[in-house]
DNA sequence: CAGCATAGGGATAAATTTATCCCTATGCCT
DNA sequence: AGGCATAGGGATAAATTTATCCCTATGCTG
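Protein chains in written order, with the UniProt record's numbering: chain P, 1 to 140; chain A, 1 to 140.
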């Protein structure tokens, strides 16, 4: 396994939090789990932009950091369910705030992000949003 | 300049926000600026773990995203001051929440983060904290 | 039987982010 | 004159994170 080489900065709250939330899909995963999307296959459907591999990796890190818990059912086909731990739940206000902030400023953000120098292509259908699915009754 | 190759995911608030806050020092920089640490050299002193180069890069991205504004004084030696824009200020509740969450759970987080498999060395003096400096009257 | 669904993970490549090093410029101070 | 402080950025290497591909396993279904 890969082993970090640069010292990790964890001496201010900001860095500790960043360490936990750092990962392309981690906030989205926590959000999903909080909305009762517990099975990896469901998460994968919700986040078509992500690969099974990446989700596995990031879920494992969240679990190692104690933000989520994994329950394995001895069935076939395999069944696994994740849930937020207490400390994981305590992150939700932050996740919610991030979600709201992004939605509130969506049009502005889309503009500046899209116009930033290093931007290439932009995908707009990576995370369909639970609400839409919910609206169509496809959430389970 | 580097140009992105994978499509950027910006369709849910979480991803938009992540895009803006994603950078090792960005949250810390926003926090610093909000506390009136406006000059690059001051920030560098506050964050000894960072290089001038990285700060420059991340400050520029924050500026391109419209979170901060740069004011250049035509003096010698050069003087530059950053300040939060209105939308930049609107991020502060999130930054504060992240900061608080990290501090609140510090001992737990230090443990799990330190014990995670891929961890090597850990630096504990990267971001000394404005408060300490302030307490010693070294903040200006 | 062939194929699907479920979940997990190794190996490796590619992409992206950070780190290093070096160079520019100009007054002031010793 | 030589060195410091200030701010910026190019070029390139190293580190880190994501993406791709492939393989395992087991009942059920058509």
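All residues carry an ideal CB built from backbone N, CA and C; glycine is no exception.
### Task
Determine, using beta carbons only, whether residue 138/P comes closer than 7 Å to chain A.
Because residue 138/P carries a pLDDT of 47, less than 50, the predicted location of this residue cannot be relied on, and the following value inherits that uncertainty. No, residue 138/P lies away from the interface with chain A (no Cβ there is under 7 Å from its Cβ).
### Task
Going by DSSP, name the residue or residues bridged to residue 24/A.
Beta-bridge pairing links residue 24/A to no other residue.
### Task
Determine the burial state of residue 17/P: buried for a count of at least 16 other Cβ atoms within 10 Å of its Cβ, exposed for fewer.
buried
### Query
Which one of 34/P, 46/P and 40/P has the shortest CA to CA distance from residue 67/P?
When only C-alpha atoms are compared, the closest one is 34/P.
### Query
Along the stretch 66-100 of chain P, what residues have a CB closer than 8 Å to any CB found in chain A?
Cβ contacts with chain A come from 66, 87, 90, 91, 93, 94, 95, 97, 98, 99 and 100.
#### Entry: Same chain, Cβ closer than 7 Å to residue 123/A, five either side skipped, listed in chain order
49
### Task
Could you give the DSSP three-state label for residue 112/P: helix, strand or coil?
helix
#### Entry: Beta carbon of residue 7/P nearer than 7 Å to that of residue 121/A
For residue 7/P and residue 121/A, yes; Cβs fall inside 7 Å.
### Message
Is the separation between the beta-carbon of residue 61/A and that of residue 85/A shorter than 7 Å?
### Response
no
#### Entry: Which listed residue (36/P, 46/P, 40/P and 87/P) has its alpha carbon closest to that of residue 57/P
For residue 57/P, the closest C-alpha among the options 36/P, 46/P, 40/P and 87/P is that of 40/P.
### Task
Just confirm the distance between the C-beta atoms of residue 4/P and residue 119/A, as a whole number of angstroms; I'd bet it's less than 8 Å.
6 Å
### Cross-chain neighbours of residue 32/P in chain A, by beta carbon under 9 Å
Within 9 Å Cβ-Cβ: nothing; residue 32/P doesn't reach chain A, min ~10 Å.
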